[in-house]
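In our numbering, the protein residues as written are 1 to 81.
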């Protein structure tokens, strides 16, 4: 079973699914989130790349918007600010 990922904007849910990895850009550089990652809360920007359980890859562009990522156990929530 993979990580549960949600990407939420103020007006709608953009993505919800299971993933095996996420590639994000934090203020200190590119970070890959894998299963059993340590707890994390960070500001992210740029692109979010998701590799889903079934092998499908999805990419979301945040453009100029900063977002907040929260990783806890196998649940990842990204709030687009």
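Note that the Cβ used here is the ideal one computed from N, Cα and C, for glycine as well.
Check: Bridge partners for residue 3 per DSSP, in chain order?; Outcome: 19
Check: Who does residue 46 pair with in a DSSP beta bridge?; Outcome: Beta-bridge pairing links residue 46 to no other residue.
Check: So the beta strand (DSSP E) residue 29 belongs to, where does it begin and stop?; Outcome: 29–34
Check: Give every residue of the same chain whose Cβ lies closer than 8 Å to the Cβ of residue 18, excluding the five residues on either side of it in the sequence, and list them in chain order.; Outcome: 1, 2, 3, 4, 5, 52 and 53
Check: Taking the alpha-carbon positions, what's the residue 74 to residue 28 distance?; Outcome: 23 Å
Check: Along the chain, where does the beta strand (DSSP E) containing residue 67 start, and where does it finish?; Outcome: 67–72
Check: Grab me the residues of residue 66's own chain with a C-beta within less than 6 Å of its C-beta, minus the 5 sequence neighbours each way, in chain order.; Outcome: 43, 45 and 81
Check: Would you please state the rounded distance, in angstroms, between the beta carbons of residue 50 and residue 57? I believe it to be under 8 Å.; Outcome: 7 Å
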